[in-house]
Amino acid sequence: NSVLFSGSSHHDLSQRVADRLGLELGKVVTKKFSNQETSVEIGESVRGEDVYIIQSGCGEINDNLMELLIMINACKIASSSRVTAVIPCFPYARQDKKDKVGKNCSRAPISAKLVANMLSVAGADHIITMDLHASQIQGFFDIPVDNLYAEPAVLQWIKENILEWRNCIIVSPDAGGAKRVTSIADRLNVEFALIHKERKKANEVDRMVLVGDVKDRVAILVDDMADTCGTICHAADKLISAGATKVYAILTHGIFSGPAISRINNAPFEAVVVTNTIPQEEKMKHCPKIQFIDISMILAEAIRRTHNGESVSYLFSHVPL
């Protein structure tokens with residue numbers, strides 16, 4: 001039997017997953033003591049159960065991560081047979097290597113590895129996540145990790161919502177996303193371009209060079225996440241000045257912190273499309289350009305397949321009906 005719990009980071013997504021699976025969300029009370037310590041009470045028996053805990057790395061990231069660790073541990077020591085952490089947006093995924101930029105780089109932490117260790121030590125037996133910033137993060141774990149892709153849902157959105165998609169060009173806002181972009185361009189049978197950017201320091205872009213021809217085409221920027229949106233807004237300006245007719249942005253994780261919303265409002269986007277790995281309701285109120293793709297059915301299907309011991313690789317290329 002499987003039990004589904006929701007952390008406090010993204011209740012809407014957890015509810016959608018539960019509805020899709022035909023399950024009730026498990027009873028759990030998360031609260032904070034007056035000294036800000038996190039307290040979790042699991043309100044039902046999990047002995048011998050297959051437990052899934054949905055908690056995304058967003059909002060109060062550190063509090064939510066700690067809450068997830070405590071929930072995993074609570075289920076583990078209550079004798080559950082297996083605990084799977086479903087983490088739609090993996091926290092600290094960008095701190096995955098020691099960069100060679102900056103004079104203090106040799107003392108940089110690799111926090112993504114630390115988070116992986118913490119999840120394992122807390123007692124997680126399995127991780128389900130989506131569009132990791134770098135696929136190698138799976139290798140930070142000694143437990144199985146299923147890295148799902150939003151790509152099938154993105155392809156579906158493009159075909160349904162962009163009329164002239166056959167004459168579009170898929171653009172990566174940086175060299176790191178080239179692989180993701182070529183994959184989408186191949187599946188749509190269109191061309192791709194990329195923008196080479198030079199960063200002097202994190203969250204600030206220095207100069208950009210466009211490689212590829214976007215003249216008189218619809219340009220679709222694709223990336224795994226957008227935080228302060230400096231990169232994609234610069235990229236959009238660059239594409240318009242290079243002769244693109246329209247610019248869309250499609251991102252898996254819309255973090256949108258700091259000046260992001262005002263930047264998007266002022267940028268020449270037709271639409272900025274994100275998945276709901278991170279709650280977007282509030283941001284959509286302040287920015288009419290933001291639209292979301294629901295990926296709850298992908299997570300739900302991954303949970304169902306994992307529970308039944310079926311293969312998950314079907315989801316890498318198909319959206320469950």
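For the sequence shown, position 25 (counting from the first letter as 1) is numbered 25 according to the UniProt record's numbering, and the numbering increases by one without interruption. Heads up, the beta-carbon is just placed ideally off N, CA and C, and yes, glycines get one too.
Anticipated Cβ contact below 8 Å, residue i with residue j, distance rounded
i      : j      : result
SER106 : LYS98  : 7 Å
ARG263 : CYS229 : 5 Å
CYS168 : ARG217 : 6 Å
HIS196 : SER2   : That pair is no contact at about 46 Å.
GLU44  : GLY26  : 6 Å
VAL171 : ILE220 : 7 Å
PHE316 : TYR149 : 6 Å
ILE298 : PRO279 : Not confirmed; about 17 Å, so no contact.
SER120 : ASP142 : 7 Å
ASN203 : ASP227 : 7 Å
Spatial distance of residue i from residue j (CA atoms)
i      : j      : result
THR231 : GLU49  : 44 Å
ALA124 : VAL214 : 46 Å
PHE292 : ALA267 : 18 Å
LYS31  : THR277 : 23 Å
GLU60  : HIS10  : 11 Å
ARG180 : ARG207 : 22 Å
LEU69  : CYS75  : 10 Å
LYS224 : PHE33  : The residue asked about is misnamed: residue 224 is Asp in this sequence, not Lys. Answer to the nearest angstrom: the Cα atoms are 36 Å apart.
TYR314 : ILE42  : 33 Å
ILE127 : VAL115 : 12 Å
ASP12  : ALA300 : 13 Å
VAL222 : ILE290 : 14 Å
GLU310 : VAL83  : 17 Å
SER79  : ASN73  : 10 Å
PHE90  : ASN64  : 11 Å
ILE77  : ALA302 : 25 Å
VAL40  : PHE269 : 42 Å
ASN62  : ALA244 : 40 Å
VAL29  : TYR92  : 26 Å
LYS200 : ALA260 : 19 Å
Residue burial classification, residue i (beta-carbon count within 10 angstroms, cutoff 16)
i      : result
GLU151 : buried
LEU163 : exposed
PHE5   : buried
GLY88  : In the sequence on display, residue 88 carries Pro and not Gly. By the neighbour-count rule (16 or more Cβ atoms within 10 Å), PRO88 is buried.
GLN136 : exposed
PHE192 : buried
ASN117 : exposed
ARG109 : Before going further, note that residue 109 is Pro rather than Arg in the sequence given. Exposed.
ASP294 : exposed
GLY7   : buried
GLU24  : exposed
VAL247 : buried
ILE184 : buried
ALA249 : buried
VAL209 : exposed
SER296 : buried
GLU198 : exposed
SER14  : buried
GLU160 : exposed
GLU281 : exposed
VAL101 : exposed
VAL86  : buried
Short CB-CB distance (under 8 Å) between residue i and chain D
i     : result
ASN35 : The chain inventory of the structure shown lacks chain D, comprising one protein chain alone.
Any non-hydrogen atom of the ligand FMN closer than 7 Å to residue i Cβ
i      : result
GLY139 : No copy of the ligand FMN appears in this structure; indeed no ligand is present at all.
Touch test, the segment 56-72 against the segment 16-23, Cβ-Cβ under 8 Å, three pairs minimum
no
- May I ask you to verify whether the segment 267-280 touches the segment 242-258, counting CB pairs closer than 8 Å and requiring at least 3? yes
Do the segment 284-299 and the segment 233-246 meet, that is, are 3 or more Cβ pairs less than 8 Å apart?
no
Give, in chain order, every unbroken run of the alpha helix (DSSP H) that is at least 4 residues long and sits entirely within the segment 66-130. 111-122
Checklist line | Contiguous alpha helix (DSSP H) assignments of at least 4 residues, all confined to the segment 207-284 | finding: 230-241 and 260-266
- When the Cβ atoms of the segment 154-163 are set against those of the segment 119-134, are three or more pairs found closer than 8 Å? no
Continuous alpha helix (DSSP H) assignments of at least 4 residues falling wholly in the segment 8-52 = 11-21
Starting from the N-terminal side, write out each stretch of the alpha helix (DSSP H) that is 4 residues or longer and does not extend beyond the segment 293-318.
296-308
Uninterrupted beta strand (DSSP E) stretches inside the segment 146-199 (no shorter than 3 residues):
168-172
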